[in-house]
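Trainee: One structure follows; several queries about it will come next.
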Amino acid sequence: MPNKKSAEKRMRSSASKEARNRNVKSTVRTVEKKFRAAVAAGKKEDVASSLSAAISALDKASKRGILHWGTVDRKKSRLAHAAAAVK
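The sequence shown begins at 143 in my numbering and counts up by one.
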């Protein structure tokens with residue numbers, strides 16, 4: 143346990159930030175899974191809407207500093223490539 147007040151506060155703020163980051167990352171993974179499922183099903187309309195949702199979630203995570211912009215760009219590129227392959 144922390145011995146100083148500032149260390150206690152840092153521990154509390156770290157815990158809340160960790161929870162927020164975990165929530166956003168979980169949302170991103172869920173949206174990505176929905177996109178992959180739509181690609182596997184081969185439904186073009188579902189793929190387009192889920193791609194838009196996935197890109198939006200990734201951009202928000204990047205804007206908040208939860209995911210690195212390079213990681214987000216790579217994931218968006220791979221998702222777009224998978225969407226283009228659907229016929």
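Backbone N, C-alpha and C define an ideal beta-carbon position, used for all residues, glycine too. Predicted model, so just to flag it, every value in this text is computed and none were measured.
Using three-state DSSP, classify ASN163 as helix, strand or coil.
Mentor: In the structure shown, ASN163 sits in a helix (DSSP, three-state: H, G or I).
Trainee: Indicate whether LYS217 and LEU193 have their beta-carbon atoms separated by less than 8 angstroms.
Mentor: no
Trainee: Could you spell out where the alpha helix (DSSP H) holding ILE230 opens and where it closes?
Mentor: In the structure displayed, the chain extends from 143 to 229; residue 230 sits before or after that span and is not available.
Trainee: Chain C beta carbons: is any one of them nearer than 8 angstroms to that of LYS147?
Mentor: Protein chains in the displayed structure number just one, and chain C is not present.
Trainee: Determine, using beta-carbon pairs with one atom in the region 204-215 and one in the region 151-160, whether at least three such pairs fall under 8 angstroms.
Mentor: no
Trainee: Could you compute how far the alpha carbon of GLU174 sits from the alpha carbon of VAL166?
Mentor: 12 angstroms
Trainee: Quick check: what's the CA-CA separation for LEU209 versus LYS229?
Mentor: Using only the alpha carbons, I get a separation of about 31 angstroms.
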